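Encoded as structure tokens, the structure appears first; notes follow it.
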Amino acid sequence: MKKIQLIFLIAVFGITACKNEPEIPEIPYSQEVVSSPIPFAEGIISTVENSEFELTFSTDGRRTYFSRRPPEGKQMIYVSDFKDGTWSVPKRADFSTDRDETAFITPNGQFLFFGSERPIPGKPNKGNFDMNIWMMEKTEKGWSEPKPLPEPINAAQVENEEWPSSNNNFLFTHDDETFYFTSMRRGTKSIKLYQTTFDGHDFSEPQVIDGIFEEDKYWVYSAVISPDGQFLVFNSYGAPGGSGGEDIFVSKKTEKGWSRARPIGEVVNSKDEESSPRFSRDGKYFFFSRAENLGNYEYGEWDIFFVETEYLQLDKIFD
Numbered sequence: 001m002k003k004i005q006l007i008f009l010i011a012v013f014g015i016t017a018c019k020n021e022p023e024i025p026e027i028p029y030s031q032e033v034v035s036s037p038i039p040f041a042e043g044i045i046s047t048v049e050n051s052e053f054e055l056t057f058s059t060d061g062r063r064t065y066f067s068r069r070p071p072e073g074k075q076m077i078y079v080s081d082f083k084d085g086t087w088s089v090p091k092r093a094d095f096s097t098d099r100d101e102t103a104f105i106t107p108n109g110q111f112l113f114f115g116s117e118r119p120i121p122g123k124p125n126k127g128n129f130d131m132n133i134w135m136m137e138k139t140e141k142g143w144s145e146p147k148p149l150p151e152p153i154n155a156a157q158v159e160n161e162e163w164p165s166s167n168n169n170f171l172f173t174h175d176d177e178t179f180y181f182t183s184m185r186r187g188t189k190s191i192k193l194y195q196t197t198f199d200g201h202d203f204s205e206p207q208v209i210d211g212i213f214e215e216d217k218y219w220v221y222s223a224v225i226s227p228d229g230q231f232l233v234f235n236s237y238g239a240p241g242g243s244g245g246e247d248i249f250v251s252k253k254t255e256k257g258w259s260r261a262r263p264i265g266e267v268v269n270s271k272d273e274e275s276s277p278r279f280s281r282d283g284k285y286f287f288f289s290r291a292e293n294l295g296n297y298e299y300g301e302w303d304i305f306f307v308e309t310e311y312l313q314l315d316k317i318f319d
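My numbering numbers the first residue of the sequence shown as 1 and each following residue consecutively.
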């Protein structure tokens, strides 16, 4: 009798657990197979006259927030909705009031994080350039008012401090519990990957993740994890195996942590600049930003490109 009851409880629990798991939508952002990168929503989100980069999707995949910078202005965050197979004309997000970038919505849809140059109340920037991470929480009326993350995440620059020291602009999670950010923390010499946990109120002391590159001098920047949790993807400048200045690299999850990074491959990396890797909610599509390398550290406008993830053959990179 007890065995029957136990089986019944397991079955009920399993059904309940399945119901509580958020459904990951599959949305065809293209009617054609995208086997090599093409501009995302060309003429609507990716435009000729502006720079666009760094996007995030709502939990249903039908709203995107992305960064846009006009030729003679500073970047701000814009929003567009996917309706009837196309994206709406983007509008500046209500909360974007300063130089803002790198929006990210958590998988459960409860929080939206973004980077901003706006000053933290009571903590003026005394350095040359300071970005910090701000957070909004979902409410019945929309997003709450933005507030800066506390230490130990944000750290306003002190006198004579220069970018990239103490700069934070992007926080990412694929499981709503463990969060990742990249920063050159005060007293260190390169931009590294850090891990922290978030319980909805407080963050734990960040722990550095070493060993991504053999040499400590190479940056690990703008890092995300694939929806299946198997790959860490980020951009780095001038790292071994790259094709240009800024390229995208990938590390694979192992029993001991993250493997040494390898270039993501020629499907994405080129002689031009590639950065800001992202995935669609269902993992079907891979997004990144690209700008033409004009030489002498001059670059063209940035655009957002996308390709179906399967054509990256991420597993084969580590064969």
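Don't be surprised by glycine CBs; every beta carbon is placed ideally from N, CA and C.
Quick caveat: nothing in here was measured; it's all calculated off a predicted structure.
Pairwise C-alpha distance: residue j and residue i
{"i": "Met-135", "j": "Ser-289", "result": "24 Å"}
{"i": "Gln-110", "j": "Asn-296", "result": "43 Å"}
{"i": "Glu-255", "j": "Val-89", "result": "45 Å"}
{"i": "Glu-23", "j": "Ser-46", "result": "28 Å"}
{"i": "Gln-195", "j": "Pro-121", "result": "26 Å"}
{"i": "Ala-261", "j": "Ser-67", "result": "27 Å"}
{"i": "Glu-140", "j": "Pro-107", "result": "18 Å"}
{"i": "Glu-159", "j": "Lys-126", "result": "5 Å"}
{"i": "Ser-34", "j": "Val-307", "result": "Reading the sequence as shown, one finds Val at residue 34 and not Ser. Between Val-34 and Val-307, the C-alpha separation is close to 5 Å."}
{"i": "Gly-229", "j": "Thr-178", "result": "11 Å"}
{"i": "Ala-239", "j": "Ile-248", "result": "9 Å"}
{"i": "Phe-198", "j": "Thr-173", "result": "10 Å"}
{"i": "Gly-241", "j": "Gly-142", "result": "44 Å"}
{"i": "Gly-200", "j": "Ile-191", "result": "26 Å"}
{"i": "Phe-181", "j": "Ala-223", "result": "7 Å"}
Reduced DSSP category for residue i - H, G, I as helix; E, B as strand; rest coil
{"i": "Glu-273", "result": "strand"}
{"i": "Lys-316", "result": "helix"}
{"i": "Glu-310", "result": "helix"}
{"i": "Pro-39", "result": "strand"}
{"i": "Asp-100", "result": "strand"}
{"i": "Lys-83", "result": "strand"}
{"i": "Asp-94", "result": "coil"}
{"i": "Gly-257", "result": "strand"}
{"i": "Gly-300", "result": "coil"}
{"i": "Lys-19", "result": "Confidence is the limiting factor: at Lys-19 the pLDDT is only 40, short of 50, which leaves the residue's position unreliable, though a coordinate-based value still follows. Residue state, collapsed to three classes: helix."}
{"i": "Glu-52", "result": "strand"}
{"i": "Asn-128", "result": "coil"}
{"i": "Asn-168", "result": "coil"}
{"i": "Ile-105", "result": "strand"}
{"i": "Lys-252", "result": "strand"}
{"i": "Pro-119", "result": "coil"}
Exposed unless 16 or more other CB atoms sit within 10 angstroms - verdict on residue i
{"i": "Val-208", "result": "exposed"}
{"i": "Phe-305", "result": "buried"}
{"i": "Ser-116", "result": "buried"}
{"i": "Ser-36", "result": "exposed"}
{"i": "Val-48", "result": "exposed"}
{"i": "Asp-210", "result": "exposed"}
Contacts around residue i, its chain only, beta-carbon distance under 6 Å, and the 5 residues preceding and following it disregarded
{"i": "Arg-92", "result": "Met-76 and Tyr-78"}
{"i": "Phe-113", "result": "Phe-104, Ile-133, Met-135 and Leu-171"}
{"i": "Ser-144", "result": "Met-136 and Glu-137"}
{"i": "Met-131", "result": "Gly-115, Glu-117, Asn-167 and Asn-169"}
{"i": "Ser-259", "result": "Ser-251 and Lys-252"}
{"i": "Phe-57", "result": "Thr-64 and Arg-281"}
{"i": "Glu-310", "result": "none"}
Own chain, CB closer than 7 Å to residue i, minus 5 neighbours either side, in chain order
{"i": "Trp-163", "result": "Asn-128 and Phe-129"}
{"i": "Glu-26", "result": "Asp-282 and Lys-284"}
Cβ-based neighbour list, residue i, same chain, cut-off 8 Å, excluding 5 preceding and 5 following
{"i": "Phe-203", "result": "Leu-149, Pro-150, Pro-152, Ile-153, Phe-179, Thr-196 and Thr-197"}
Going along the chain, which unbroken runs of the beta strand (DSSP E) with 3 or more residues stay wholly within the region 186-250? Segments of the beta strand (DSSP E) lying fully in the region 186-250: 192-197, 207-209, 221-225 and 231-237.
In chain order, which beta strand (DSSP E) runs of at least 3 residues are fully inside the region 132-166? Taken in chain order, the complete beta strand (DSSP E) segments of 3 residues or longer contained in the region 132-166 are 132-139.
Curious, which full-length alpha helix (DSSP H) runs of at least 4 residues does the region 54-78 contain? Listed in chain order, there is nothing to give.
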